[in-house]
Amino acid sequence: MRWLRRSWAGLLYQRHQQHHRRFLLTTNRESDGEREQQQHYKWSSPGSRAEQVLYAGFWAGGLTLGFYWLTNRNHNVLLEEQVSDEEEQEALARLWHMTLREELPTYKNDVVEQHNCPEKGIWVTYGLGVYDVTDFVENHPGGDKILMAAGSAIDPFWAIYQQHNTLEVLELLEGFRIGNLEGELVPSVDDELGSPWSQEPQRHALLKPASKRPFNAEPPIGLLAEQFYTPNDLFYVRNHLPVPVISPEDYELEIEGGEKKKTLSLEGIKDLPKYSVTAAIMCGGNRRSEMTKVKAVKGLSWGAGAVGNAKWSGARLCDVLKQLGVQPDETKHVIFEGADLDPTSHPYGASIPLAKALDPRGDVILAYEMNDEPLSRDHGYPIRVIVPGTVGARNVKWLTRIVVADRESDSHWQQNDYKGFSPSTDWDTVDFSKSDAIQAMPVTSAICTPQPGSRVKIDDDEGHIAVRGYAWSGGGRKIVRVDLSNDEGLSWHVAELEQEDIPDGRHYGWSLWTARLPVSEAQRKAGDVEIWAKAVDSAYNVQPEKFEHIWNLRGVLANAYHKVKVKIV
């Protein structure tokens, strides 16, 4: 057995015996009653399924590496030198989280997803484990980072925050384990063949889905304000239909400008002068989940992350239309159609006023790049129209057709959606034909950190807490101020802005802001503080105070003060 002890698997086996005993001791201290005895029995019994799988892995690895050592003795010393005690321990600890615990219940993903806030309990998954970390988040500073993963997997977060991959943290996490995660069934080939969803692109694991088919998701709000340009793979995704598969060689864009028509290939569009514009794109339903707390609305339950800021590059639409001889006309519209089709083969469509499309200062572009990279499929590859300052619904992806017309688009999303109404209008009295389609979005802001329910540490002797977020206004209006209060509006503090230095009227990108709010002695003793944020744009539009005053049955234009309650450490 000497060769086994000298192999990596043998070393892991020895470490397992030591840390298994220590884990049992730690777990039993933190457990109580019958569960404590049950857990000890299951994990210490060599006949349990979990132990059999674990031991089988060690013995198989030990036999394999032992044979390799016998035939390649000169490599064994190098192996021992490369694998440190810490690495062995951490590898072992990770095996715990990949093992089913037979004495614990099994939960489906949708059950875990429901436990995403302190009120419902905060559950996370790691490997095959399900963990209730409600008490941990409640009692430890820095819990706001865990809140970003509430109701979902922490694996992708730990890929970013590598400091969590230590034995101590992994042992601590296992102490909060309440169950096993049920593996998702892999669809059969027959189920997927011919399905419109069979060729959906891969998405970043950190995106939190509001719906899976069609796929709609936003990044964790705590990450959103960390970079001025939102990383492409963390940019929110808003799809209304299955993502089309488009070959760049076969791509064509049809343009109708009155009596003239033109068809452009992808290379033809790229041959035109290239322009770039920084523009935030925001879904019309951003922050809908906050409006829903007043009264139920119809629509995806977006948080404050259905927005992103990027550098878009492509050909200007005004140049293309002028080549067709299109003349200014205040009564006309430009209709956009995408390659994404509904079950009746009708494409997604939307339109904007011709005046916006022809205005060189409007910066409407046929974009093929996002943050200096080709568009991804989820964001409109190979061409999408970017209409800066306008609601995301008009920024049509997978663009295949442009028509200058005397009317708006007749698509559902232009005529019977993305419109605002009075708080007193309900589904019995609503008439979509009486309301204008949303174009430029209203001024808004959101607090990204700290997150609701998190514990916030005073960061200096004077008693301040750090707050960070974003602000944006449609129509090219610049953010001139972001005000914050933590005493229900009795006093306000002005945040510092990070934004592009460009003329007003073309300020299409968002502004990031930071602030340090003083916390009074009374607030520290009370422990709870509610932070308010409101933005002011260059037209001195300001966010309304309450959602009750702007509630509408579709939950759009949700731009009331953003309010976050936190606990002061």
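Take the sequence shown: its letters are residues 542 to 1110, numbered as in this note's numbering. Glycine included, every Cβ here is placed at the ideal spot set by N, Cα and C.
For Val778, the residue or residues it bridges with in DSSP: Ala758
Beta-carbon gap between Val1130 and Ala1076 smaller than 8 Å: Nothing can be reported for residue 1130, as the shown portion of the chain is limited to 542 through 1110.
Where Pro991 falls, given that 16 or more other Cβ within 10 Å makes a residue buried: buried
Ala1099, buried or exposed, once every other Cβ within 10 Å from all chains shown has been counted against 16: buried
Residue from Asp883, Ile1072, Gly1096 whose Cα sits closest to the Cα of Lys1104: Ile1072
Separation of Leu641 from Pro814, as counted between CA atoms: Their backbone Cα atoms lie some 58 Å apart in a straight line.
Reduced DSSP secondary structure (H/G/I, E/B, other) of Thr675: Helix at Thr675.
Cβ shell of Asn827 (< 6 Å), same chain only, five flanking positions each side left out: Trp843, Ala847, Val848
CA-to-CA distance, Ala691 to Leu1031, given in whole angstroms: Straight-line Cα distance between these residues: approximately 33 Å.
Paired residues, beta bridge with Ser986 - DSSP: Ala1012
Proximity winner among Val786, Tyr1049, Thr819, Gly866, relative to Gly798 (alpha-carbon distances): Gly866
When Pro789, Ala766, Tyr672 are compared against Tyr648, the one with the closest alpha-carbon: Tyr672
Beta carbon of Gln980 nearer than 8 Å to that of Val945: no
Unbroken alpha helix (DSSP H) run spanning Ser974, endpoints: Neither: Ser974 is in no alpha helix (DSSP H) and is coded neither H nor E.
Unbroken beta strand (DSSP E) run spanning Lys803, endpoints: 801–806
Cβ-based neighbour list, Ala601, same chain, cut-off 6 Å, excluding 5 preceding and 5 following: Residue placement at Ala601 cannot be trusted, given a pLDDT of 41 that sits under 50; what the coordinates show is reported in the next sentence. Excluding positions up to five away in sequence, the list is empty.
Exposure label - Tyr1081; buried when at least 16 CB within 10 Å: exposed
Strand pairing of Ser1052, partner residues [DSSP]: Ala1012
Within 8 Å, strictly: CB atoms of Arg1047 and Gly1017: In this structure, Arg1047 lies near Gly1017, with their beta-carbon atoms less than 8 Å apart.
Inter-residue Cα distance where the pair is Gly720 and Val778: Straight-line Cα distance between these residues: approximately 31 Å.
Boundaries (first-last residue) of the alpha helix (DSSP H) holding Thr833: It spans 829–833 - the alpha helix (DSSP H) in which Thr833 sits, taken as one unbroken run.
Lys1106 Cβ short of 7 Å to the ligand HEM heavy atom set: Among the ligands in the structure shown, none appear at all, so the ligand HEM cannot be discussed.
Arg1197, buried or exposed, once every other Cβ within 10 Å from all chains shown has been counted against 16: In the structure as shown, the chain begins at 542 and stops at 1110. Residue 1197 is therefore absent and cannot be evaluated.
Assigned exposure category for Leu1094 - 16 Cβ within 10 Å defines buried: So Leu1094 counts as buried.
Range of the contiguous beta strand (DSSP E) that encloses Glu949: It is not in any beta strand (DSSP E) - Glu949 carries neither H nor E in the DSSP assignment.
Extent of the continuous alpha helix (DSSP H) to which Asp860 belongs: 858–864
Meets three-Cβ-pair contact criterion under 8 Å: the region 766–782 and the region 853–870: Contact fails: fewer than three Cβ-Cβ distances are below 8 Å.
Within 8 Å, strictly: CB atoms of Cys989 and Gly1010: yes
The region 1057–1066 contacting the region 920–934, beta-carbon criterion three pairs below 8 Å: no
Closest Cα partner of Lys975 within the set Ala987, Met982, Asn957: Asn957
DSSP-derived helix/strand/coil call for Leu748: In the structure shown, Leu748 sits in coil (DSSP, three-state: anything other than H, G, I, E or B).
The region 801–815 in contact with the region 826–840 per 3-pair CB rule at 8 Å: no
Bridge partners - Ala891, DSSP secondary structure assignment: According to DSSP, residue pairing for Ala891 in a beta bridge involves Phe877.
Check whether Val875 and Ile943 have beta carbons under 8 Å apart: yes
Delimiting residues of the alpha helix (DSSP H) encompassing Glu709: 708–715
Whole runs of the beta strand (DSSP E) within the region 1016–1046, excluding any shorter than 3 residues: Taking 3 residues as the minimum length, the beta strand (DSSP E) runs contained wholly in the region 1016–1046 are 1020–1026, 1037–1039, in order along the chain.
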